[in-house]
Amino acid sequence: MNTEPPTGDDLQRMLVSMKQTVLEHAEERHPEPRRHRSRIVIATVALLALGTAGGAVALAVVPQVQQAAPAPSPTAEPSVPASTPASAPVVDTPAPRPSASSAAAPSRYPDDCRALYSDADRQRFFGATPLAQTPAHPDGTTVPEPASTTYSGGTWTAATWLDCHWAQPRTDVGSVHVTIGSASATALAEREDGLRAAGADCAPGDGGTVCRLPDAADPDFVGAETSWWDSDGRWITIDQVNFPTSGLLPATIAGLSSDRVGPGSWVVSGAGVGPITIGSSYQDVVDEVEPVLPQTNGDCPNPNVGFFDSGDLHVIVVQAGGKVVGVDASGLTTAAGMGRGNSIDQLRAAYPDLTRTPGYGDDSSPAFAYWSVRDGDRSVTFEMDEGGELVTGVWVGDDPRPPYEYCG
C-alpha cells in the first residue's frame, strides 16, 4: 500500500477537488461542527454531570490532513468562511451541571407519605405498620429552609420535605425511614464524598446517583442505608432496620412526580376529619372518601357505621339520619401533630388545657382513658391504650366520647 504523500499531477488534482468541496459548502447556513485536529489524535471527552445516569465518553481517531495554499487565480473568488486552524483544540460543550447554589424548587412537592406509593405498593412494603409523618401537615409549596442533618457519612445541609417513619411504637427494631427533600449540587457532592468515606458504594442508577452502605454486621440488627439524588437536586434517603423490602427506592422515585392524592394531609379538628365534616351528608362523604380510602365494612351489621381502611390508616364514620355525627381516626393527627403513638406527656405539652373525659368504666384507672381538648364547638378526644400511656386513636363528634361499640 502506497503511503507516500501525493506529488505532481496527483497533488494538483487533490487541491482542485478540495477547493471545489469548500466552495460547494460555503453557503451552508449550519455547517457541521469541526472536530478535526492536526496530526493523528485520539480525543477523549468525558461528560460527567452530578445526578445523571452516567457519563458519556467519545473517542475520535482522525487522520492528518495536509493543506496547501491554493494557486493564485486571475478571477475573483467567492469568499469562503474561515476554517478552524488545524492547531485549534477540540472544544465540546459539557452537559449542564446544577450550579453550586441550585436546589430543586418545584411548584409542589409531595406532602403525604402514603401518597408516595400506590395502594398495592404501600400494602406490599409496609402492611399495617403504623406511620409517623414529619412534618405532619406540610403545605407542599413552601420549601423548608436548608438545615444541618446528620447521616452515616457525617453532616450535610439540605431542605427536608418529608420524613416518613414506619415502625411499631413500642419497639426499637423493625422500622424504615423514607426521607425526601432538596439540596444544592455542592451539598450533594460533599455528601457523596462523605458516604464513600463511610464505605458506601456509589454509582449511577435510577435516573440519578445511588449510594448504598453495606448491612450492619450485627445479626440482630440487619440495617441498610440507601441514598439517591438527581441533577435537579431532589434526594431520597431510605434507612431500614430489620425491615426488608423489594423495589422501595424505584417506587419512591416514581412517587416524587406522581399526582396521587392520599389522606395523609387530612387534619383532625373539631369540625371533623379532613373532608369528613360533622353534619355533612353521609353519602357525600362515602363518595369522596372511597376513592382514596376504601370502605371495608365486612360483616358489621350496623348500617349507621362506615369503616374505611388502607394499610395502617383506619377511619370510622358514624351517621344518624343520613348525617355524619362522629369520626374516629387512627393514623391521622391534629394540626399540632398529635395522634396515634403520642404519649400522654406529649399531649399535655401540646394542649395545656387537656382534660380527662369520663369513660365507660372505672375512671380511676388510666387504662383506655379518654383525654379531650376543646376545638370550636366540639371536643377532640384522644383514646389511650391499655396502659394509658400512648394514643391509639382520635375521636371527634357531637358526643365527646366515642361509641362503646360500633357493630354491637
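Residue 129 in my numbering sits at position 128 of the sequence shown; the count goes up by one each step and never skips. Glycine residues also receive a C-beta, built at the ideal position from the N, C-alpha and C atoms.
Per DSSP, which one or two residues make a beta bridge with residue i?
i      : result
MET385 : VAL392
ASP329 : ILE317, TRP396
TYR361 : According to DSSP, which records beta bridges pairwise, TYR361 is partnered with nothing at all.
THR227 : ARG213, ILE239
TRP157 : THR150
ILE181 : LEU163, ILE237
GLN169 : GLN169 pairs with nothing; no bridge assigned.
PRO373 : It is Ser, not Pro, that sits at residue 373 in the sequence shown. Per DSSP, THR356, THR382.
VAL269 : VAL274, THR335
SER232 : Beta-bridge pairing links SER232 to no other residue.
SER366 : SER366 is not bridged to any residue.
SER176 : ALA168, VAL242
Within its chain, find whatever has a CB closer than 6 Å to the CB of residue i; leave out the 5 residues flanking it on each side and keep chain order.
i      : result
ASP202 : ARG213
VAL177 : TRP167, GLN241, PHE244
ASP120 : none
ARG192 : TRP157
VAL328 : GLY273, VAL274, ILE277, VAL318, VAL397
ILE237 : ILE181, TRP229, THR253
GLY195 : GLY154, GLY155
Using DSSP with H/G/I as helix, E/B as strand and the rest coil, what is residue i?
i      : result
GLY442 : No answer is possible for residue 442: it lies beyond the span of the chain, which begins at 2 and ends at 409.
LEU132 : strand
GLU406 : coil
PRO205 : strand
VAL287 : helix
ALA116 : helix
ASP310 : strand
THR356 : strand
ARG379 : strand
ILE277 : strand
GLY195 : helix
THR297 : coil
THR334 : strand
GLY340 : strand
SER247 : coil
SER282 : strand
PRO401 : coil
CB-CB under 7 Å to residue i, same chain, minus the five flanking residues each way: which ones, in chain order?
i      : result
GLU289 : PRO276
GLY128 : GLY312
ALA198 : GLY154
GLY263 : ASP113, ARG115, ALA116, VAL293
GLN1   : Only positions 2 to 409 of the chain appear in this structure, which leaves residue 1 out of reach.
ARG109 : GLY141, THR142
THR94  : Reliability fails at THR94, whose pLDDT of 35 lies under 50, so the model's placement of it is uncertain and no value is given.
ALA252 : TYR118, ASP122
ALA188 : TRP157, THR158, ALA159
GLY271 : ASP376, GLY377, ASP378, ARG379, VAL381, VAL397
ASP386 : THR393
Nearest by alpha-carbon distance to residue i: which of the options is it?
i      : options                        : result
GLN134 : CYS165, GLY322, ASP120, GLY377 : CYS165
LYS324 : ALA225, PRO304, GLY332, SER183 : PRO304
PRO131 : GLY322, ARG379, ILE345, THR334 : THR334
THR393 : ALA350, SER149, SER344, ARG402 : SER344
GLY377 : LEU391, PRO367, ALA190, ASP399 : ASP399
GLY299 : LEU163, VAL174, CYS408         : CYS408
LEU163 : THR382, SER365, SER266         : SER266
ARG125 : ILE254, ILE239, SER365, THR246 : THR246
ASP207 : ARG375, ALA190, CYS301, THR227 : THR227
ILE239 : TYR152, ARG261, GLY271         : TYR152
PRO170 : LEU391, TYR405, GLY280         : LEU391
PRO215 : ALA350, GLY200, GLY209, PRO205 : GLY200
VAL326 : GLY256, PRO404, ASP260         : PRO404
VAL268 : GLY332, PRO111, ASP260         : GLY332
ALA225 : ALA184, GLY175, ALA204         : GLY175
ALA184 : VAL211, PRO111, GLY234         : GLY234
SER258 : SER281, CYS301, GLY280, ASP231 : ASP231
ALA321 : GLY280, PRO205, ALA350         : GLY280
Near residue i, what residues of its chain come up, given a Cβ to Cβ distance below 8 Å and the 5 sequence neighbours on each side ignored?
i      : result
THR161 : PRO145, ALA148, THR150, THR180, ILE181, GLY182
GLY389 : ILE345, SER366, PRO367, ALA368, PHE369, ALA370
ARG402 : THR358, PRO359, GLY360, TYR361, TYR371, THR382, TRP396
GLU406 : none
GLY342 : PRO131, ALA133, PRO170, LEU391, VAL392
THR356 : TRP372, SER373, VAL374
GLU291 : PHE309
Practice item. Say whether the segment 310-327 touches the segment 354-373, bearing in mind that this needs 3 or more beta-carbon pairs closer than 8 Å, one atom from each stretch. Key: Contact between the segment 310-327 and the segment 354-373 is absent, because fewer than three Cβ pairs lie under 8 Å.
Practice item. Mind the definition here: the segment 334-348 touches the segment 124-142 only if three or more C-beta pairs lie below 8 Å; say whether that holds. Key: Contact between the segment 334-348 and the segment 124-142 is present: 3 or more CB-CB pairs across the two stretches fall below 8 Å.
Check your understanding: Do the segment 366-378 and the segment 284-298 meet, that is, are 3 or more Cβ pairs less than 8 Å apart?
Key -> Cβ pair count under 8 Å is below three, so no.
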